[in-house]
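Student: This is the structure I want to talk about, given as structure tokens.
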Amino acid sequence: MIEPLDERRMLGGRRFAALSLCALLLLGIAGCLPRIRRQLATDVTTVFTCSGDYRFSARELGEVATVRAEMQTIAIPRIRSASGTRYRKDEMEFWNRGQTGTLRLGGATHADCAGQVVSTPWEESRLLGIEYRAAGSEPVWSLEIDDGKYMRFMVAGGSPVYTPAPQAMSEGGRRVFRTSADSTGLEVVIEEIACRNATSVDPFPQTVTVTANGFPHRGCGRSLGR
Numbered sequence: 012m013i014e015p016l017d018e019r020r021m022l023g024g025r026r027f028a029a030l031s032l033c034a035l036l037l038l039g040i041a042g043c044l045p046r047i048r049r050q051l052a053t054d055v056t057t058v059f060t061c062s063g064d065y066r067f068s069a070r071e072l073g074e075v076a077t078v079r080a081e082m083q084t085i086a087i088p089r090i091r092s093a094s095g096t097r098y099r100k101d102e103m104e105f106w107n108r109g110q111t112g113t114l115r116l117g118g119a120t121h122a123d124c125a126g127q128v129v130s131t132p133w134e135e136s137r138l139l140g141i142e143y144r145a146a147g148s149e150p151v152w153s154l155e156i157d158d159g160k161y162m163r164f165m166v167a168g169g170s171p172v173y174t175p176a177p178q179a180m181s182e183g184g185r186r187v188f189r190t191s192a193d194s195t196g197l198e199v200v201i202e203e204i205a206c207r208n209a210t211s212v213d214p215f216p217q218t219v220t221v222t223a224n225g226f227p228h229r230g231c232g233r234s235l236g237r
């Protein structure tokens, strides 16, 4: 004599079978779908040297390249390219082909420029031909001085400020660069006092104070030497 199966056991078996079938169906569907490769955002900065000693740098981060050239910093979106990575916006274009790059800017084209990848902003500034650099924190800021040409001051999260480089003055053993006498100007004071910051093991030879819009930014600086 065969005894009838317990109703709860029958229901449990049916549920298990249904779940197993669903799992198999899902695995089958997933196997038919194309694999999606996760593209990681790259952050690479390259300095390019062109004929006539024209220099520019490009920081490629995801779908945007930030190009520094001729006292200006420009963000250019990426476009499709059969080779290398290419960026274009209006009349501006940057094309990186690995070892060489091409920049079209302001009606001029700089082609076949030799590229060199850099690992720090200090190295980038040096290869761009900048003569002096300083930096600080709280907030993070940087200053570049290209004697006789321009100064570039930038606070993290903001846009860089370019000004013509004024003549350095000597005040009590300090070098002072002052763009104007009012509170909206830029004043840079370089003192021969050793300075340390959190990002460097070795001390810097100078202590630097940059006053912008009446607010002082203190940090460390040194000559770069090319």
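This note's numbering puts the first residue of the sequence shown at 12, with every later residue one more than the last.
Built from N, CA and C at the ideal position, the CB exists for glycine as well.
1) Nearest-angstrom Cα distance between V151 and P227?
2) Would DSSP call G63 helix, strand or coil?
3) Just how far apart, CA to CA, sit L235 and W133?
4) When we look at the beta-carbon of S191 and count the other beta-carbons within 10 Å, is it buried (16 or more) or exposed?
5) Once DSSP output is grouped into helix, strand and coil, what is the label at R207?
6) Who does I201 pair with in a DSSP beta bridge?
7) Go through its chain and collect everything with a Cβ distance to G42's Cβ below 6 Å, but skip five positions before and after it.
8) Assuming R137 is part of the alpha helix (DSSP H), what are its boundary residues?
9) Taking just the CA atoms, how far does L139 sit from F59?
10) In angstroms with no decimal places, state the Cα-to-Cα distance between E182 and G169.
11) Give me the Cα-Cα distance between R186 and R66, rounded to the nearest whole angstrom.
12) Kindly indicate which three-state DSSP category T84 falls into: helix, strand or coil?
13) Helix or strand or just coil, what does DSSP make of N224?
14) Chain D beta carbons: is any one of them nearer than 7 Å to that of T220?
15) In the DSSP assignment, the beta strand (DSSP E) including K160 goes from what residue to what residue?
16) Can you look up S234 in the DSSP assignment and give me helix, strand or coil?
17) What's the C-alpha gap between V212 and E149?
18) Output the distance between the C-alpha atoms of R70 and I204, rounded to the nearest integer angstrom.
19) Locate the beta strand (DSSP E) running through R91, then write down its first and last residues.
20) Mind the definition here: the stretch 90-97 touches the stretch 122-133 only if three or more C-beta pairs lie below 8 Å; say whether that holds.
21) Taking DSSP as the reference, what is the three-state secondary structure of D213?
22) Roughly how many angstroms separate the alpha carbons of S153 and G147, rounded to a whole number?
23) Assign L114 to one of two classes, buried (16 or more other C-beta atoms within 10 Å of its C-beta) or exposed (fewer than that).
24) In three-state terms, what does DSSP make of E101?
Tutor: Based on what the coordinates show:
1) Counting from 1 along the sequence shown, the entry for residue 151 is found at position 140. Counting from 1 along the sequence shown, the entry for residue 227 is found at position 216. If you take the alpha carbons of V151 and P227, they lie about 12 Å apart.
2) Translated into positions along the sequence shown, residue 63 becomes position 52. In this structure, G63 counts as helix in the three-state DSSP scheme.
3) Translated into the one-based positions of the sequence shown, residue 235 becomes position 224. Translated into the one-based positions of the sequence shown, residue 133 becomes position 122. Approximately 8 Å, taken between the alpha carbons.
4) Mapped onto the sequence shown, residue 191 falls at position 180. So S191 counts as exposed.
5) What you label residue 207 is simply residue 196 of the sequence shown in a count that begins at 1. Coil at R207, not helix or strand.
6) If you number the sequence shown from 1, residue 201 lands on position 190. According to DSSP, which records beta bridges pairwise, I201 is partnered with R186 and V219.
7) Walking along the sequence shown from the start, residue 42 turns up at place 31. For G42, the predicted model reports a pLDDT of 47, less than 50, meaning its position is unreliable; a value from the coordinates is still stated below. The answer is none, since no qualifying residue turns up.
8) Here the question's residue 137 lines up with position 126 in the sequence shown. Note, R137: alpha helix (DSSP H), P132 to L138.
9) On the sequence shown, residue 59 is found 48 positions in, with the first residue counted as 1. On the sequence shown, residue 139 is found 128 positions in, with the first residue counted as 1. When rounded, the distance between both Cα atoms is 8 Å.
10) Looking up residue 182 in the sequence shown gives position 171. Looking up residue 169 in the sequence shown gives position 158. Going from the Cα of E182 to the Cα of G169 covers about 31 Å.
11) Translated into the one-based positions of the sequence shown, residue 186 becomes position 175. Translated into the one-based positions of the sequence shown, residue 66 becomes position 55. Looking at the two C-alpha atoms, the distance is approximately 28 Å.
12) Start at 1 with the first residue of the sequence shown, and residue 84 comes out as number 73. In this structure, T84 counts as strand in the three-state DSSP scheme.
13) Walking along the sequence shown from the start, residue 224 turns up at place 213. Note: N224 maps to coil in three-state DSSP.
14) Going by chain labels, chain D is absent from the structure shown, which holds only one protein chain.
15) Translated into positions along the sequence shown, residue 160 becomes position 149. Careful: K160 lies outside any beta strand (DSSP E) and carries neither H nor E.
16) For the purposes of this step, residue 234 is taken as residue 223 along the sequence shown, with counting starting at 1. Three-state DSSP puts S234 in a strand.
17) Position 201 of the sequence shown, counted from the start, is the residue given in the question as residue 212. Position 138 of the sequence shown, counted from the start, is the residue given in the question as residue 149. Roughly 19 Å between the two C-alpha positions.
18) The residue you call residue 70 lines up with position 59 of the sequence shown. The residue you call residue 204 lines up with position 193 of the sequence shown. Going by the C-alpha atoms only, they are around 33 Å apart.
19) Residue mapping note: residue 91 aligns to position 80 of the sequence shown, counting from 1. Element bounds for R91: n/a, residue is neither H nor E.
20) no
21) To locate residue 213, count along the sequence shown from 1; it is residue 202. Correct three-state label for D213: coil.
22) In the sequence shown, residue 153 corresponds to position 142, counting from 1. In the sequence shown, residue 147 corresponds to position 136, counting from 1. Whole-angstrom Cα-Cα distance: 7 Å.
23) The sequence position of residue 114 within the sequence shown is 103, counting from 1. Flag for L114 reads buried.
24) To locate residue 101, count along the sequence shown from 1; it is residue 90. The sequence shown places Asp at residue 101, rather than the Glu named in the question. Residue state, collapsed to three classes: coil.
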